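The structure appears right after this line, and notes come after that.
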Amino acid sequence: MRDFSLRFRGAPSDQINHVNFSVRAGKTLCVVGESGCGKSVTSLAMMGLLPPGAATIRSGEMIFEGQNLDLSDNNAMRKLRGSRMTMIFQEPMTSLNPAFRIGDQIAESVLAHRNCTKAEAHDRSLAILKRVGIPAAEKRMRDYPHQLSGGMRQRVMIAMALVNDPALLIADEPTTALDVTIQAEILELIRDLQTETDMGTIMITHDLGVVAEIADTVAVMYAGTIVETGPAERIFNDPQHPYTIGLMSSIPQLTGPRGRLSTVPGMVPTTLNMPEGCRFATRCPFAAEICSKEPPLAPLGDGHAVACHFAPLETHLEQSA
Amino acid sequence: MSDTILTARGLKKHFKTGGGMAKSGTVRAVDDVSFDVRRGETFAIVGESGCGKSTLARLLMRLLTPTDGDVEFDGIDVRSLKGRDLTALRRDMQFVFQDPFSSLNPRMSVGKLVGEPLETHFPQMSATERRGKVAALLAKVGLRPEHAERYPHEFSGGQRQRIGIARALASAPKLVIGDEPVSALDVSVQAQVINLLGDLRDELGLTLVIIAHDLAVIRHMSDRVAVMYLGQIVEQGDVDTVFTQPRHPYTRALLSAIPVAAHGERAPRKALEGEMPSPANPPSGCRFHTRCPYAQARCKTDNPALRATDVAEGHVAACHFFEVIAADEPDLGLADAPKRAPGAAARFALYEDAMRERATPRPRQDQE
Numbered sequence: 002m003r004d005f006s007l008r009f010r011g012a013p014s015d016q017i018n019h020v021n022f023s024v025r026a027g028k029t030l031c032v033v034g035e036s037g038c039g040k041s042v043t044s045l046a047m048m049g050l051l052p053p054g055a056a057t058i059r060s061g062e063m064i065f066e067g068q069n070l071d072l073s074d075n076n077a078m079r080k081l082r083g084s085r086m087t088m089i090f091q092e093p094m095t096s097l098n099p100a101f102r103i104g105d106q107i108a109e110s111v112l113a114h115r116n117c118t119k120a121e122a123h124d125r126s127l128a129i130l131k132r133v134g135i136p137a138a139e140k141r142m143r144d145y146p147h148q149l150s151g152g153m154r155q156r157v158m159i160a161m162a163l164v165n166d167p168a169l170l171i172a173d174e175p176t177t178a179l180d181v182t183i184q185a186e187i188l189e190l191i192r193d194l195q196t197e198t199d200m201g202t203i204m205i206t207h208d209l210g211v212v213a214e215i216a217d218t219v220a221v222m223y224a225g226t227i228v229e230t231g232p233a234e235r236i237f238n239d240p241q242h243p244y245t246i247g248l249m250s251s252i253p254q255l256t257g258p259r260g261r262l263s264t265v266p267g268m269v270p271t272t273l274n275m276p277e278g279c280r281f282a283t284r285c286p287f288a289a290e291i292c293s294k295e296p297p298l299a300p301l302g303d304g305h306a307v308a309c310h311f312a313p314l315e316t317h318l319e320q321s322a
Numbered sequence: 002m003s004d005t006i007l008t009a010r011g012l013k014k015h016f017k018t019g020g021g022m023a024k025s026g027t028v029r030a031v032d033d034v035s036f037d038v039r040r041g042e043t044f045a046i047v048g049e050s051g052c053g054k055s056t057l058a059r060l061l062m063r064l065l066t067p068t069d070g071d072v073e074f075d076g077i078d079v080r081s082l083k084g085r086d087l088t089a090l091r092r093d094m095q096f097v098f099q100d101p102f103s104s105l106n107p108r109m110s111v112g113k114l115v116g117e118p119l120e121t122h123f124p125q126m127s128a129t130e131r132r133g134k135v136a137a138l139l140a141k142v143g144l145r146p147e148h149a150e151r152y153p154h155e156f157s158g159g160q161r162q163r164i165g166i167a168r169a170l171a172s173a174p175k176l177v178i179g180d181e182p183v184s185a186l187d188v189s190v191q192a193q194v195i196n197l198l199g200d201l202r203d204e205l206g207l208t209l210v211i212i213a214h215d216l217a218v219i220r221h222m223s224d225r226v227a228v229m230y231l232g233q234i235v236e237q238g239d240v241d242t243v244f245t246q247p248r249h250p251y252t253r254a255l256l257s258a259i260p261v262a263a264h265g266e267r268a269p270r271k272a273l274e275g276e277m278p279s280p281a282n283p284p285s286g287c288r289f290h291t292r293c294p295y296a297q298a299r300c301k302t303d304n305p306a307l308r309a310t311d312v313a314e315g316h317v318a319a320c321h322f323f324e325v326i327a328a329d330e331p332d333l334g335l336a337d338a339p340k341r342a343p344g345a346a347a348r349f350a351l352y353e354d355a356m357r358e359r360a361t362p363r364p365r366q367d368q369e
């Protein structure tokens, strides 16, 4: 049994502000937010991939498989990276080395983390390529990345990430660059592999459709803070935070009336003009004086928590009206 | 004035590839495409990457010359236009590009960028007049007049897209073609731009042709839609018809592949096998037969023509067997509106009210 929990509390120059979350083995956590909300920075920090000196971790710790990890210890992180903890990136073309055959690139990861012969590494790579649904895998092993389509490249990336049976997979917008029909195939593949291997997955995305498809738990991020978190079902059926609600009303729907879309007015504030207190206050239609104080992430039961002074909105606003 | 503003007839664009040492061949990016766009409507062209939709848009604008076929805009044959007449066409037909980061010259101020088409198309306009017009255009797309002094890098993606729209509107076009106008934007900003395009269409009596891959966006913005696969239109009709009662197997697959942002049981989807074949070497017969779950022997040899369906007037699909498939397969019946907790429904209503209140005193301004 691999049961692990993971906690991260970081604040590189307060870009990320006291973020906590956990993933269980075999489950998927989706981190949702718009560009610039800090979701990618968080995942890079977890992998220890932030360029040295670019950011300082102000606070926080990560517990991975029962061990407390020092994020600044490069050697320790290197051992974990690619074996226990792996990552898939958004752009499969730029994350594969164009000058090496894909079979060799996958085998390299095996050789780096396992004590085995080249032949064994080759066999292992071939098996995983077959598993991710690459047709004629033996022939493809000798192909270069440019010979594959976008969907195939993403499959290769997944193969590379999974070849060492990781306990945690971090996927940063894995399907954003793909067409919908291919996206559906890739999501299905990730889900199947997850049930098979019981790994935990952190999926970073801005697409609420993808979230509904794959998430067990959801964390909604806004300007470096988690504003709402909980089981996927609660987030979609009973959203509490004005940002979550605004985000959901902005999505064009495939059913229902086609009138004007509600929007979230304004833009995400940058670190330079970050408002005091609730970071969403500048764009929130319900903002009031109290919002200059930072709202705590208050639990609502069943693991659902929201950082808003006014939750639940309907009762609070009625009282004040 | 006729009801049809833009007509494409048997439009083809073939690109030669290779040459030199490489094996040469022909990419049939657009292969025999015909459609009409009616005055004042929003016509959408949807398809996955590589289906030829962007090439088609460029053919309509005469940014590319078609290999064969005709485009008629407002009664004028676009194909034979040259010189001054072509400039006049570009005035009446404008383009909004996908990428708001690379389609604006970083060394020109916003005032220059929006004023440039005015200079080209209305050379008699004085500088003062032009400045006034630029300010009016900026206000129209929800930017402030003082933004004219700034440069593109000072703006966010959504604002840059607004600048692109202002630029397209400067020459007072009759038709605007948008090639993925919102796909590079975040959802909340995307919604703002979708609303803006809809408002401008109603206000200025524009006709819009929207090219996109996001079906939900298309459903929201357009009246009629054409679905493209490998350079050909496979289905066309009113948006509501195509989305609720699709007839072509590709449209069905496309619609069932969209993840819906609502929690709950989903219908088992029929995922498509494999990927789109290369347009340099399209399959024989029906181009979709290599991925079609219903393909039969005939599909490998005969390329089906677009035929009228019995679903609605003007709805056509290119499939030999759509009646048979429709008889076996129930209509998709897209998921109902999300079931929300009563409290949540009240919250959504509150949010919408708050948004409307915000919007009324200053229509469309400063939303960003």
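Chains A and B supply the protein sequences, listed in that same order.
For what it's worth, our numbering labels the leading residue of the first sequence as 2, then goes sequentially.
For what it's worth, our numbering labels the leading residue of the second sequence as 2, then goes sequentially.
Where is the CB? At the ideal position from N, CA and C, for every residue including glycine.
This one's a predicted model, so the numbers in the text were calculated from it and none came from an experiment.
Check the Cβ-Cβ distances between E369/B and every residue of chain A, and say whether any is below 8 Å. A caution first: E369/B carries a pLDDT of 39, below 50, which makes its placement in the model unreliable, though a value can still be read off. Chain A contact via Cβ: present.
Looking at chain A, which residues of the stretch 80-101 of chain B have a Cβ within less than 7 Å of any of its Cβ atoms? none
My output table needs one value for R39/B: the three-state DSSP class, helix, strand or coil. strand
F74/B to V34/B span [Cα, whole Å]: 16 Å
Smallest Cα separation from A187/A: which of V164/A, F281/A, G152/A and P167/A? The sequence shown places Ile at residue 187/A, not Ala. Residue G152/A is the option with its Cα nearest to I187/A.
Bridge-paired residues (DSSP) for D173/A: I205/A
Please specify which runs of the beta strand (DSSP E), each continuous and at least 3 residues long, are wholly inside the stretch 122-148 of chain A, giving them in chain order. none
Would N165/A pass as a contact of V111/A if the rule is Cβ separation under 8 Å? yes
Could you give the C-beta distance for T206/A and V33/A, rounded to a whole number, given that I count them as a contact under 8 Å? 6 Å
Could you tell me the boundaries of the alpha helix (DSSP H) in which T264/A lies? T264/A -> no alpha helix (DSSP H), and no H or E assigned at all.
According to the Cβ coordinates, are A308/A and T226/A closer than 8 Å? yes
Nearest by alpha-carbon distance to A136/B: which of K113/B, A309/B, A350/B and A345/B is it? K113/B
What number of angstroms, rounded off, separates the C-alpha of E369/B from the C-alpha of L351/B? Here E369/B scores only 39 on pLDDT, less than 50, and its place in the model is too uncertain to base an answer on.
Against A127/A, what residues of chain B qualify as contacts under a CB-to-CB distance less than 7 Å, listed in chain order? The residue asked about is misnamed: residue 127/A is Leu in this sequence, not Ala. Going along chain B, no residue has its Cβ under 7 Å from L127/A, so there is no contact; the nearest lies around 21 Å.
With a threshold of 7 Å (Cβ to nearest heavy atom), would L50/A be considered close to the ligand SAM? No copy of the ligand SAM occurs in the structure displayed, which carries no ligand at all.
Do L248/A and T202/A have their C-beta atoms closer together than 8 Å? no
Between which two residues does the alpha helix (DSSP H) containing I252/A stretch? It is not in any alpha helix (DSSP H) - I252/A carries neither H nor E in the DSSP assignment.
Per-residue burial, P300/A [other beta carbons within 10 Å of its own, 16 or more giving buried]: exposed
Is the CB of R10/A under 8 Å away from at least one CB in chain B? Here the model assigns R10/A a pLDDT of 49, short of 50, so the residue's position is not dependable, and the following value carries that caveat. So no, R10/A is outside the interface.
If you count every other CB in all the chains shown that lies within 10 Å of the CB of H1/B, and 16 or more means buried, which is it? For residue 1/B there is no data in the structure shown, the boundaries of chain B being 2 and 369.
E174/A CB to nearest chain B CB: under 8 Å? no
Length of the line joining the Cα atoms of V218/B and Q106/A: 39 Å
Same chain, Cβ closer than 7 Å to G165/B, five either side skipped, listed in chain order: V97, F98, P101, S104 and L105
Going by the CB atoms, is the gap between P146/A and I103/A shorter than 8 Å? yes
Length of the line joining the Cα atoms of A149/B and A167/B: 11 Å
When you compare the stretch 43-62 of chain B with the stretch 307-314 of chain B, are there three or more beta-carbon pairs, one atom per stretch, that lie closer than 8 Å? no
Counting pairs of beta carbons, one from the stretch 191-199 of chain A and one from the stretch 225-244 of chain A, are three or more of them closer than 8 Å? no
Could you check whether the Cβ of P280/B sits closer than 8 Å to any Cβ belonging to chain A? no
Any idea what DSSP makes of F44/B, helix, strand or coil? strand
Just verifying my parser: in three-state terms, what is the DSSP assignment at R284/A? helix
Spatial neighbours of A169/B within its chain, please: CB distance less than 7 Å, with the 5 preceding and 5 following residues excluded, ordered by chain position. Q95, F96, V97 and V177
With H, G and I counted as helix, E and B as strand and the rest as coil, what does DSSP make of H305/A? strand
What's the gap between the Cα of D71/B and the Cα of I77/B? 10 Å
Please list the terminal residues of the continuous beta strand (DSSP E) segment that includes T66/B. That residue, T66/B, is in no beta strand (DSSP E); it is neither H nor E in DSSP.
Can you give me the C-alpha to C-alpha distance between G48/B and T218/A, rounded to a whole angstrom? 32 Å
G143/B at chain A interface by Cβ criterion, 8 Å: no
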